[in-house]
Amino acid sequence: MHAPIGPEGRAHELSPATIAVTSGRPGRVSGGPVNPPVVLSSTYVSAGPPAPGELLYTRSGTETWVPFERALADLEHAAQPALVFASGMAAIAAAMSLVPHGGRVVVPRHAYQVTLMFADDLAARAGVEVVRVDIADTAAVLAALGGTGVASLLWVESPTNPMLEIADTPALIAGAHALGVPVAVDNTFATPLGQQPLTWGADVVVHSVTKYLAGHSDVVLGAVVVNDADLHARFHTYRTLHGSIAGPWEVWLALRGLRTLALRVGRSQDTAAELARRLAVHPAVAEVRHPSLPGDPGHERAARLMTGFGSIIGLRPVGGVAAADAVVAALKLWVPATSLGGVESSLERRRRFATEAKTVPEDLLRLSVGIEDVEDLWADLSHALATLTER
Ligand SMILES: *Cc1c(COP(=O)(O)O)cnc(C)c1O
2 MHAPIGPEGR
12 AHELSPATIA
22 VTSGRPGRVS
32 GGPVNPPVVL
42 SSTYVSAGPP
52 APGELLYTRS
62 GTETWVPFER
72 ALADLEHAAQ
82 PALVFASGMA
92 AIAAAMSLVP
102 HGGRVVVPRH
112 AYQVTLMFAD
122 DLAARAGVEV
132 VRVDIADTAA
142 VLAALGGTGV
152 ASLLWVESPT
162 NPMLEIADTP
172 ALIAGAHALG
182 VPVAVDNTFA
192 TPLGQQPLTW
202 GADVVVHSVT
212 KYLAGHSDVV
222 LGAVVVNDAD
232 LHARFHTYRT
242 LHGSIAGPWE
252 VWLALRGLRT
262 LALRVGRSQD
272 TAAELARRLA
282 VHPAVAEVRH
292 PSLPGDPGHE
302 RAARLMTGFG
312 SIIGLRPVGG
322 VAAADAVVAA
332 LKLWVPATSL
342 GGVESSLERR
352 RRFATEAKTV
362 PEDLLRLSVG
372 IEDVEDLWAD
382 LSHALATLTE
392 R
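Residue numbers (the numbering used here): 2 to 392.
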């Protein structure tokens, strides 16, 4: 077996676009493959007391995970390999296992809604106190961490789903650590190209690999990334005990998708910024949110903390819920669908879900900008907005 390697040990000096292409390749051997093989085997030949790291049984480890875990760790500047999980939620459940029975977890009031449901479930079955905060309000977040008995975990999402608030994540991490509170960051929206929270001192980074990292809306996968060896061992054990493992094809697809991450993310966020600029002056638009816009509440922080402003847009058309639904119905190119981060542009009205936070406006459309031509996307969008005045 070829040992999958990073780009000759120089991962951190290379640009992220290069790391995405080069990390996790097999060693260079004449006649060897440039891509790692997919190994389909539930068990490995083995007898006697197993050597440390020996492959035994696929639930505890398989070589097909390793190249993706190496590449994602290199992109996040992590000291430990990433750990793939069956889905983003499986990764989030693993990270949330840091919260003990009766503990307290501080979460953004706007965040991936299933993360918030998971926290509520912890409250119901494990006596966990869940405090929802405005993650952009640093003082309020730090106040929620302290008080009688410090919190067990601070959960950060930035930009938030779907409101696109930007946290001062380095300040939150410093403030939480001063209180002895570990910090987990869901880095799905930003991607490791946009920010690397471990370099700010975050204890845990989680990803829904389903979104930008895999990038083609054809795989569900998650990952946990940490610097600390003990935490890595803990999450590795968690994955093995809970059996929340990824299939080999999913990880192979994700690695294939990861190779074009910089191209896809660069293109889609440039297009998102251009569409946001045009939407901001469109008469049928009541409000547009994108951190690239100079007047956006998150603009200054995003410009300071992130590389790029991401490719999610918040849009509220003039005319409320009916107008928002009419826009979705009138679009031909944009796909009406949940999820985000695929090559295809998609959108949805988030409050169509009864479980979405009630502080999210009912008429908010979340647009996930893909890699299609900007003028084709704009023609479809401006045509759909024009139908509003005809109604
Ligand atoms: C989709 C998503 C998740 C959940 O990931 P799955 O792969 O669907 O389980 C978590 N966080 C964010 C920000 C997401 O967008």
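Heads up, the beta-carbon is just placed ideally off N, CA and C, and yes, glycines get one too.
Tell me whether residue i counts as near ligand 1, meaning its Cβ is closer than 7 Å to at least one heavy atom of that ligand.
i, result
"E251", "no"
"L259", "no"
"L194", "no"
"T211", "yes"
"G223", "yes"
"M97", "no"
"D229", "no"
"I93", "yes"
"E158", "yes"
"F397", "The question about residue 397 has no answer here: the residues shown for the chain are numbered 2 through 392."
"V115", "yes"
"G89", "yes"
"D187", "yes"
"L341", "yes"
"N162", "yes"
Can you check DSSP and say which residues form a bridge with residue i?
i, result
"V225", "L84, V207"
"R367", "G315, E349"
"P1", "Nothing about residue 1 can be read from this structure; the chain reaches only from 2 to 392."
"A185", "W156, V205"
"V286", "P318"
"P295", "In DSSP, P295 forms no bridge with anything."
"P337", "L348"
"Y58", "T44"
According to the neighbour-count rule (16 or more other Cβ atoms, all chains shown, within 10 Å of its Cβ), is residue i buried or exposed?
i, result
"T339", "exposed"
"S16", "exposed"
"K333", "exposed"
"M118", "exposed"
"G49", "exposed"
"P53", "exposed"
"P37", "buried"
"T238", "exposed"
"H384", "exposed"
"K212", "buried"
"V282", "exposed"
"G128", "exposed"
"H102", "exposed"
"A72", "buried"
"E9", "Confidence at E9 is low in this model, with a pLDDT of 49, below 50, so the placement of that residue should be treated as unreliable; the coordinate-derived value is given next. E9 comes out exposed."
"T65", "buried"
"L386", "buried"
"T59", "buried"
"H13", "In this prediction, H13 scores a pLDDT of 49, lower than 50, which makes its location untrustworthy; the coordinate-derived value is nonetheless stated afterwards. Exposed, by the Cβ-count rule."
"P193", "buried"
"V266", "buried"
"P292", "buried"
"T272", "buried"
"G7", "Bear in mind that a pLDDT of 46 at G7, under 50, signals an unreliable position, so the model cannot answer this."
"A376", "Note that residue 376 is Glu in the sequence shown here, rather than Ala. By the neighbour-count rule (16 or more Cβ atoms within 10 Å), E376 is not buried but exposed."
"A168", "buried"
"M2", "Here the model assigns M2 a pLDDT of 32, short of 50, so the residue's position is not dependable, and the following value carries that caveat. So M2 counts as exposed."
"V30", "exposed"
"T390", "exposed"
"P68", "buried"
"S47", "exposed"
"R240", "buried"
"I20", "buried"
Hey, would you say the C-beta of residue i is under 7 Å away from at least one heavy atom of ligand 3?
i, result
"A281", "As presented, the structure is devoid of ligand 3, carrying ligand 1 as its sole ligands."
Kindly indicate if chain B contains any beta-carbon less than 8 Å away from that of residue i.
i, result
"G320", "Among the chains of the structure shown, chain B does not appear; only one protein chain is present."
(request) May I ask you to verify whether the stretch 363-383 touches the stretch 307-325, counting CB pairs closer than 8 Å and requiring at least 3? (result) yes
(message) Does the contact criterion of 3 or more C-beta pairs under 8 Å hold for the stretch 273-290 versus the stretch 103-119?
(response) no
(request) Could you tell me whether the stretch 129-138 touches the stretch 175-192, using the rule of 3 or more Cβ pairs below 8 Å? (result) no
(message) Would you call the stretch 216-229 in contact with the stretch 246-260, where contact means no fewer than 3 C-beta pairs closer than 8 Å?
(response) yes
(message) Under 8 Å: do the stretch 162-174 and the stretch 346-365 share three or more Cβ pairs, one atom per stretch?
(response) yes
(message) Does the contact criterion of 3 or more C-beta pairs under 8 Å hold for the stretch 170-178 versus the stretch 136-152?
(response) yes
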